[in-house]
Amino acid sequence: MGMKISNITIKILNHLINEADSLSFFQYCRSRFNSKELPPISLGNYVERANKYICCEDPIYIIVFLYIDRLVERHPRFLINSFNAHRLIFTAIVIADKLYSDHCLTNQQYARIGGYRLEDLNKLEWDFLSLIGLNANVTEEQYGIYYKKMIELAKKLNVDVENGAEDSCGGI
118 MGMKISNITI KILNHLINEA DSLSFFQYCR SRFNSKELPP ISLGNYVERA NKYICCEDPI
178 YIIVFLYIDR LVERHPRFLI NSFNAHRLIF TAIVIADKLY SDHCLTNQQY ARIGGYRLED
238 LNKLEWDFLS LIGLNANVTE EQYGIYYKKM IELAKKLNVD VENGAEDSCG GI
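If you read the sequence shown in my numbering, its first letter stands for residue 118, the second for the next number, and so on.
And the structure:
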């Protein structure tokens, strides 16, 4: 049985984070997303916890993957690392959930789930949207391209994607 898209997304992001963490200068790339200390919870457990309360469907994680790619494409020197991944990914989940889910929580609820103050989440959301050029729209074509891109990258990283990932994927 294969992995859920959310797990594949985390495996891919963990690979990127490990690469960024190996660079000696990553700690100097400052943004609102950077924590002063490493979060005490793994990215996988953090996303799993968030997903427990937000109830994201797999397509949201493909959109998160696309958003992160947009951010890096627009800002190639922006490194996703252990100090900023939790905030970046959670903010991307919030934005994608608001735009592409049948349900939507209040920002106060999202903030509580993510462990942030409402004011901080609002700022993170605005900063993230600014970093992706206020372009949170995802067409069906883009979605399909990123789904395939994600599966291909997961296979290159030897992440098990057989018998589950492709079947669990819906559309936007």
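Using N, Cα and C, we set each Cβ at its ideal position, and we do this for glycine too.
Beta-carbon proximity list for residue i, same chain, < 7 Å, skipping 5 on both sides
{"i": "residue 151", "result": "200, 201"}
{"i": "residue 273", "result": "none"}
{"i": "residue 167", "result": "207, 210, 230, 231"}
Backbone secondary structure at residue i - three-state DSSP
{"i": "residue 176", "result": "helix"}
{"i": "residue 211", "result": "helix"}
{"i": "residue 253", "result": "coil"}
{"i": "residue 166", "result": "helix"}
{"i": "residue 201", "result": "coil"}
{"i": "residue 194", "result": "coil"}
{"i": "residue 149", "result": "coil"}
{"i": "residue 247", "result": "helix"}
{"i": "residue 275", "result": "coil"}
{"i": "residue 206", "result": "helix"}
{"i": "residue 121", "result": "coil"}
{"i": "residue 154", "result": "coil"}
is_contact[residue i, chain C] using C-beta, thresh 9 Å
{"i": "residue 192", "result": "This model lacks chain C altogether; it includes just one protein chain."}
Cut-off 8 Å between Cβ atoms - residues of its own chain near residue i, not counting five sequence neighbours on either side
{"i": "residue 129", "result": "182, 267, 270, 271, 274, 276"}
{"i": "residue 184", "result": "209, 212, 213, 245, 249, 253"}
{"i": "residue 238", "result": "208, 211, 224, 227, 228, 231"}
{"i": "residue 191", "result": "248, 249, 250"}
{"i": "residue 240", "result": "149"}
{"i": "residue 222", "result": "171, 214, 230"}
Same chain, Cβ closer than 6 Å to residue i, five either side skipped, listed in chain order
{"i": "residue 290", "result": "No answer is possible for residue 290: it lies beyond the span of the chain, which begins at 118 and ends at 289."}
{"i": "residue 161", "result": "127"}
{"i": "residue 170", "result": "230"}
{"i": "residue 156", "result": "203"}
{"i": "residue 132", "result": "274"}
{"i": "residue 163", "result": "203"}
Burial state of residue i (16 or more Cβ within 10 Å)
{"i": "residue 284", "result": "No answer about residue 284 holds up, because its pLDDT of 34 lies below 50 and its placement is not dependable."}
{"i": "residue 188", "result": "buried"}
{"i": "residue 159", "result": "exposed"}
{"i": "residue 263", "result": "buried"}
{"i": "residue 247", "result": "exposed"}
{"i": "residue 251", "result": "exposed"}
{"i": "residue 172", "result": "exposed"}
{"i": "residue 257", "result": "exposed"}
{"i": "residue 242", "result": "buried"}
Residue i beta carbon near the ligand ZN (any heavy atom closer than 8 Å)
{"i": "residue 172", "result": "Ligands displayed in this structure: none; no statement on the ligand ZN is therefore possible."}
Practice task
With a floor of 4 residues, list each alpha helix (DSSP H) that falls wholly inside the stretch 217–244, ordered by position along the chain.
Solution key: 224–231
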